[in-house]
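A.B. asks: Remember, our numbering sits 4 above the position in the sequence shown when you count from 1.
We treat Cβ as the ideally placed atom computed from N, Cα and C, and that holds for glycine.
My questions will all concern the structure given below.
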Amino acid sequence: MKITGFVCVVLVGVLSKPGYSQNQRTEIEQSYVPVTQAMLNDPDPSDWLMWRRTYEGWGYSPLDQIDRSNVHALQLAWSYALDPYGGGSQTEPIVYDGVLYLRHPSELLAAHDATSGDLLWEYRRNLPEDIVGLRGITLHRGRGLAIDDDRIFNFSSDGFLYAVDARTGELLWETQMFDYRDTRHQASGAPTVFGGVVVVPLNCSNGAALPTCHLSAYDTQSGQRRWRWYTSPSSDDPLSRSWGNEPQRYPFEGRLNTSAWMTPAVDTERGLFIFGVGSSAPMQPALVGSDGKWPDRLYHGSTVALDHQTGEVVWWAQHQSDMHNNDSVFDRILVDVTVDPYETDAPWLGRNPGLNADVTRSLVVGSFSKDGIFYAYDRSDGEFVYARETAPQNVIAEYDGVTGQYTMNPEVIMTPDLDRVVSVCKENRLIPQGAYSPLTNAYYVPLWSGCADLQTRTLNPVLADGYNLTTLRSYNNPASPAFGRPEAIEVSTGRTLWRQDREAPLYGMLTTGGGLLFAADTNRRFYAFDQETGDVLWQTILSGFSDMAPIAYAVGGRQYVAVISPGGTSGRGHRSRLNIQGPSSGQTLFVFSLPQVGDLVQ
Numbered sequence: 005m006k007i008t009g010f011v012c013v014v015l016v017g018v019l020s021k022p023g024y025s026q027n028q029r030t031e032i033e034q035s036y037v038p039v040t041q042a043m044l045n046d047p048d049p050s051d052w053l054m055w056r057r058t059y060e061g062w063g064y065s066p067l068d069q070i071d072r073s074n075v076h077a078l079q080l081a082w083s084y085a086l087d088p089y090g091g092g093s094q095t096e097p098i099v100y101d102g103v104l105y106l107r108h109p110s111e112l113l114a115a116h117d118a119t120s121g122d123l124l125w126e127y128r129r130n131l132p133e134d135i136v137g138l139r140g141i142t143l144h145r146g147r148g149l150a151i152d153d154d155r156i157f158n159f160s161s162d163g164f165l166y167a168v169d170a171r172t173g174e175l176l177w178e179t180q181m182f183d184y185r186d187t188r189h190q191a192s193g194a195p196t197v198f199g200g201v202v203v204v205p206l207n208c209s210n211g212a213a214l215p216t217c218h219l220s221a222y223d224t225q226s227g228q229r230r231w232r233w234y235t236s237p238s239s240d241d242p243l244s245r246s247w248g249n250e251p252q253r254y255p256f257e258g259r260l261n262t263s264a265w266m267t268p269a270v271d272t273e274r275g276l277f278i279f280g281v282g283s284s285a286p287m288q289p290a291l292v293g294s295d296g297k298w299p300d301r302l303y304h305g306s307t308v309a310l311d312h313q314t315g316e317v318v319w320w321a322q323h324q325s326d327m328h329n330n331d332s333v334f335d336r337i338l339v340d341v342t343v344d345p346y347e348t349d350a351p352w353l354g355r356n357p358g359l360n361a362d363v364t365r366s367l368v369v370g371s372f373s374k375d376g377i378f379y380a381y382d383r384s385d386g387e388f389v390y391a392r393e394t395a396p397q398n399v400i401a402e403y404d405g406v407t408g409q410y411t412m413n414p415e416v417i418m419t420p421d422l423d424r425v426v427s428v429c430k431e432n433r434l435i436p437q438g439a440y441s442p443l444t445n446a447y448y449v450p451l452w453s454g455c456a457d458l459q460t461r462t463l464n465p466v467l468a469d470g471y472n473l474t475t476l477r478s479y480n481n482p483a484s485p486a487f488g489r490p491e492a493i494e495v496s497t498g499r500t501l502w503r504q505d506r507e508a509p510l511y512g513m514l515t516t517g518g519g520l521l522f523a524a525d526t527n528r529r530f531y532a533f534d535q536e537t538g539d540v541l542w543q544t545i546l547s548g549f550s551d552m553a554p555i556a557y558a559v560g561g562r563q564y565v566a567v568i569s570p571g572g573t574s575g576r577g578h579r580s581r582l583n584i585q586g587p588s589s590g591q592t593l594f595v596f597s598l599p600q601v602g603d604l605v606q
C-alpha cells in the first residue's frame, strides 16, 4: 500500500546541521565521479558499492589477482582501529574509486584511503544523551552504507536517515523516520538505493504497539518519504484475516515486531525489492480461531517482493508459521540458472514436479531462517521450486511441491496454553551472510547445528508480552558430529558439493574470481578456502572472532581483502558456548594483499 504523511526533513542549506565534518584532504573532491544507476547495476570489478557488492546479494568479487596458486603469500597491508563502542560491530564497508567508506561501531561515518586506511574525512552525529542504554537500542547494529550520485546514505539510532557529501562528509539532508522514544524501533540492515529511492530495513520492537512495523522508501535527493509498506496487512485488506477471523484478538495496531530487518536484494530487471520478514509477537497465537483454522499471520515468515516505485506487493511466499523466533530474514540471493533437482540425493523437504531442466529460471535462493533450510523460488512470481535441509532441523516436516504450502512438525507446535517443554532444533544459523559463486554455481552458507528447550512464558499471554517465549537451555544437536557445519550447495541441483564438521563455526563469507572463499571463525582464525573442495589454502589469526563477511576491492591494480574483528553477536554467544576465550571489543579493520616490489620482507 502507498502511504504518505508528514516527514521531518532538514536541508543543510536551510537549517544548521546536528553534527560536524572534518575534511583532511581535497583530492577526493577534485577526482570524484558521481555514481550512476548504471554503475550500481554493474559495478566496476575494483569497487564494492553496496552491501554484498551487488543487488543480487552474491557477496562475490570478480577480482582474481589473489587466487588459489598465490593466496598462501597473502599478508597484512594495513589496519585501522575503529571508533570504539562496547557492543561490537556488524558492519560491512563500501569502496568506490580508491575510497573506503565505513560506519564505525560508535556510528561515526568516515572516509578512508583504501590503500592505507588514512582518514580523509569523518562525520559524527550528536546523538541524544538518553539513547545509550535505552531498551531495544543498539548503537553498533548498523550493518553498512549506501552510495548514489555524490552522496553516502546512513542512519542513526535516534531514528534519522541522512545523506552526506561523499567528497567532504558535509551533511546534505536528514529525515526523521520514527521517534525512537515512542517506538523502540531501530534501523538495522544496510540501506539500499535503487531507482531514485533509498530503502531502510527496520528492526521493530516486540513490546511497543505503535506504529506497526514497516519498510519505507525515501527520495535520494531530498529525503522526502515516497512510500511506506506495512509488514502486516491493514484491517481493510482481505489478507488481514490471515491473523485469524477474530479481529479483536490481533488488531492491526497490536501486531508486533514482524520486522524486515535485513537488506533487500533488488531485481533490477523487474524493479523489485526482495526481502524476508521476521518473527511476529506474540509468537504463539491461539491455535484456532472461531473458524477452527491456524492463523498464518502474514507477512511474517515470508519472502516479499515490492514494486520499487510504489511499495505495492507484487508477490509473496510464506515459508512457515514462526512460533520459535526462527526469523526468516537472511540471505536472498538472485541467480539465473537451469534447475534439475530430481536426480540429486539430498535431504529434500519438497520439489516442484513441473520443472523443465532445459529452461533458465530467475530464482531467489538462500538459507532464509535460523533453521538453515535452503530454498529456491521463482522471483518473477514467487512460485515454489524446491526446499532442502542443511543442518538437521525439526521445525518443518515438508513442503507441497506444487503449492509450496508448509507442513509444521506437530511435535514442536507451541500455543499459549502449552504446559510442556518443547525441544526445537533450529539453531543452525544467524546474521552472518552466505555467498554465491558463479564459478561453481554454488551457494556457501555458514551453518552450525544446535537445539533449544523452549517453553511459553505464561498461560495467559497478552499483546504486551512480546515474544512470550523462554529458552530454558541451548545445546549442540546430537544428530551432528560437530557444532560447525559450513556447506557448499550447487544451486541447479541442490546437491552438496562439500561440507565441513568444525568445532568452531565459520561466519560471514566472501567468494572471489580467484576461486577462493574467505571466512573467519569463532577462534580468531581467518581462512581462504578452495571454493571447489573446501580445502584450507591460507589462514591467519585476527584480534578476535569475526562474524560479518569480508569484502574485496582493488586500487591501482592491487587487490585487497578486508575484514573487521572482533565481530557482532553470533560469535560472542558461540565463544561462550564453546569455551573459547577472546575479546569482544577493540574492533579493527584488517586489510590484506599480496606482497609487491617495495614491500618489507619479513
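Is DSSP giving Glu133 helix, strand or coil here?
C.D. replies: As a first step, residue 133 must be located in the sequence shown, where it is residue number 129. Three-state result, Glu133: helix.
A.B. asks: Measure from the alpha carbon of Glu273 to the alpha carbon of each residue in Ser209, Ser366, Glu431, Tyr410, then state which is nearest.
C.D. replies: In the sequence shown, the residue the question calls residue 273 occupies position 269. Out of Ser209, Ser366, Glu431, Tyr410, Ser366 has the C-alpha closest to the C-alpha of Glu273.
A.B. asks: I'd like to know whether the C-beta atoms of Ser220 and Val203 end up nearer to each other than 9 Å.
C.D. replies: Taking the sequence shown and counting its residues from 1, one reaches residue 220 at position 216. Taking the sequence shown and counting its residues from 1, one reaches residue 203 at position 199. Result yes, Cβ atoms of Ser220 and Val203 sit closer than 9 Å.
A.B. asks: According to DSSP, Asn360 sits in a beta bridge with which residue or residues?
C.D. replies: Position 356 of the sequence shown, counted from the start, is the residue given in the question as residue 360. Asn360 is not bridged to any residue.
A.B. asks: Tell me which residues share the same chain as Phe159 and place their Cβ nearer than 8 Å to its Cβ, disregarding the 5 neighbours each side in the sequence.
C.D. replies: Residue 159 sits at position 155 when you count from the first residue of the sequence shown. Within the same chain, Phe159 has close Cβ partners Gly146, Leu165, Tyr166, Met181, Ala191, Pro195, Val204.
A.B. asks: Of the residues Phe157, Asp46, Gln324, which one's Cα is nearest the Cα of Gly173?
C.D. replies: What you label residue 173 is simply residue 169 of the sequence shown in a count that begins at 1. The option with the nearest alpha carbon to Gly173 is Phe157.
A.B. asks: Quick one: complete beta strand (DSSP E) runs, 3+ long, within the segment 443 to 495?
C.D. replies: Within the segment 443 to 495, the complete beta strand (DSSP E) runs of at least 3 residues are 446 to 449, 454 to 460, 473 to 480, 491 to 494.
A.B. asks: Do Arg562 and Thr119 have their beta-carbon atoms positioned less than 9 Å apart in this structure?
C.D. replies: Here residue 119 refers to the residue found at position 115 when the sequence shown is read from its first residue. Here residue 562 refers to the residue found at position 558 when the sequence shown is read from its first residue. Cβ atoms of Thr119 and Arg562: closer than 9 Å.
A.B. asks: How big is the Cα-Cα spacing for Val605 and Leu546?
C.D. replies: Reading the sequence shown from its first residue, position 601 is the one you call residue 605. Reading the sequence shown from its first residue, position 542 is the one you call residue 546. Reliability of the predicted coordinates at Val605 is poor, the pLDDT of 43 falling under 50, and the value obtained from them is presented with this limitation in mind. Between Val605 and Leu546, the C-alpha separation is close to 21 Å.
A.B. asks: How is the beta strand (DSSP E) around Met513 delimited, first residue to last?
C.D. replies: The count along the sequence shown starts at 1 and reaches residue 513 at position 509. Per DSSP, Met513 belongs to the beta strand (DSSP E) from 510 to 516.
A.B. asks: Ala524 and Gly538: beta carbons closer than 9 Å?
C.D. replies: On the sequence shown, residue 524 is found 520 positions in, with the first residue counted as 1. On the sequence shown, residue 538 is found 534 positions in, with the first residue counted as 1. No. Outside cutoff.
A.B. asks: Just the C-alpha distance for Asp551 and Thr95, rounded to the nearest angstrom, thanks.
C.D. replies: Counting from one through the sequence shown, the residue named residue 551 turns up at place 547. Counting from one through the sequence shown, the residue named residue 95 turns up at place 91. Answer to the nearest angstrom: the Cα atoms are 10 Å apart.
A.B. asks: Are the CB atoms of Leu260 and Cys208 within a distance shorter than 9 Å?
C.D. replies: In the sequence shown, residue 208 corresponds to position 204, counting from 1. In the sequence shown, residue 260 corresponds to position 256, counting from 1. Going by C-beta atoms, Cys208 is nearer than 9 Å to Leu260.
A.B. asks: Cα-Cα, which of Trp82, Gln600, Thr592, Gly488 is closest to Arg579?
C.D. replies: Indexing the sequence shown from 1 puts residue 579 at position 575. Checked all of Trp82, Gln600, Thr592, Gly488; the closest Cα to Arg579 is Gly488.
A.B. asks: Thinking Asn480 and Gly454 are a contact (beta carbons under 8 Å), I'd like their distance in whole angstroms, please.
C.D. replies: The residue given as residue 480 occupies position 476 in the sequence shown. The residue given as residue 454 occupies position 450 in the sequence shown. Asn480 to Gly454, Cβ: 6 Å. Contact.
A.B. asks: Measuring CB atoms only, is the segment 433 to 452 touching the segment 525 to 544, in the sense that at least three cross pairs come out at less than 8 Å?
C.D. replies: Yes, the segment 433 to 452 is in contact with the segment 525 to 544.
A.B. asks: On the three-state DSSP scale, how would you describe Ala553?
C.D. replies: Numbered from its first residue, the sequence shown carries residue 553 at position 549. Ala553 falls in the coil class under three-state DSSP.
A.B. asks: Among the residues of its own chain, which have a CB less than 8 Å from the CB of Gly102, if the five just before and after it don't count?
C.D. replies: Working through the sequence shown from its first residue, we reach residue 102 at position 98. Excluding sequence neighbours, Gly102 sits near Asp117, Ala118, Thr119, Val559, Gly560.
A.B. asks: Here's the rule: buried if 16 or more other CB atoms are within 10 angstroms of the residue's CB, otherwise exposed. What is His328?
C.D. replies: What you label residue 328 is simply residue 324 of the sequence shown in a count that begins at 1. Classification for His328: buried.
A.B. asks: Secondary structure at Glu178, three-state DSSP: helix, strand or coil?
C.D. replies: For the purposes of this step, residue 178 is taken as the residue at position 174 of the sequence shown. Residue state, collapsed to three classes: strand.
A.B. asks: Counting only the same chain and skipping the five closest in sequence on each side, list residues whose C-beta sits under 7 Å from that of Gln543.
C.D. replies: For the purposes of this step, residue 543 is taken as residue 539 along the sequence shown, with counting starting at 1. Answer for Gln543: Arg529, Phe530, Tyr531, listed in chain order.
A.B. asks: Assuming Tyr100 and Asp152 form a contact by the criterion Cβ under 8 Å, report the distance between their Cβ atoms to the nearest whole angstrom.
C.D. replies: Numbered from its first residue, the sequence shown carries residue 100 at position 96. Numbered from its first residue, the sequence shown carries residue 152 at position 148. At roughly 11 Å, the Cβ-Cβ gap does not stay under 8 Å, so Tyr100 and Asp152 are not in contact.
A.B. asks: From this set, Asn45, Asp349, Val428, which residue's C-alpha is nearest Gln459's C-alpha?
C.D. replies: As a first step, residue 459 is located in the sequence shown; it is residue number 455 there, counting from the start. Nearest option by C-alpha distance: Val428.
A.B. asks: Report the rounded CA-to-CA distance for Trp502 versus His76, giving the unit in angstroms.
C.D. replies: Counting from 1 along the sequence shown, the entry for residue 502 is found at position 498. Counting from 1 along the sequence shown, the entry for residue 76 is found at position 72. Distance between the alpha carbons of Trp502 and His76 is about 22 Å.
A.B. asks: Just the C-alpha distance for Gly193 and Arg230, rounded to the nearest angstrom, thanks.
C.D. replies: By one-based count along the sequence shown, residue 193 stands at place 189. By one-based count along the sequence shown, residue 230 stands at place 226. Answer to the nearest angstrom: the Cα atoms are 19 Å apart.
A.B. asks: Quick check on this structure: which residue in Gln324, Trp320, His312 has the alpha carbon closest to the alpha carbon of Gly305?
C.D. replies: Within the sequence shown, numbered from 1, the residue matching residue 305 stands at position 301. The candidate whose alpha carbon is nearest that of Gly305 is Gln324.
A.B. asks: Looking at the strands, I want to know which residues DSSP matches up with Val428.
C.D. replies: On the sequence shown, residue 428 is found 424 positions in, with the first residue counted as 1. According to DSSP, which records beta bridges pairwise, Val428 is partnered with Ala456.
A.B. asks: In chain order, which beta strand (DSSP E) runs of at least 3 residues are fully inside the segment 342 to 416?
C.D. replies: Here the runs fully enclosed are 352 to 355, 364 to 371, 378 to 382, 388 to 392, 400 to 403, 410 to 412.
A.B. asks: Have a look at Tyr346 and Asn356 and give me their C-alpha separation to the nearest angstrom.
C.D. replies: Counting from 1 along the sequence shown, the entry for residue 346 is found at position 342. Counting from 1 along the sequence shown, the entry for residue 356 is found at position 352. About 9 Å.
A.B. asks: Taking the alpha carbon of Ile278 as the point to measure from, which residue in Leu243, Gly248, Tyr381, Glu415 has its own alpha carbon closest?
C.D. replies: Taking the first residue of the sequence shown as 1, we reach residue 278 at position 274. Ranking Leu243, Gly248, Tyr381, Glu415 by Cα distance to Ile278 puts Tyr381 first.
A.B. asks: Nearest-angstrom Cα distance between Gly405 and Gln313?
C.D. replies: The residue you call residue 405 lines up with position 401 of the sequence shown. The residue you call residue 313 lines up with position 309 of the sequence shown. Straight-line Cα distance between these residues: approximately 32 Å.
A.B. asks: If we ignore side chains and look at the alpha-carbon of each, how far apart do Gly148 and Trp55 end up?
C.D. replies: Counting from 1 along the sequence shown, the entry for residue 148 is found at position 144. Counting from 1 along the sequence shown, the entry for residue 55 is found at position 51. Their Cα atoms are separated by approximately 6 Å.
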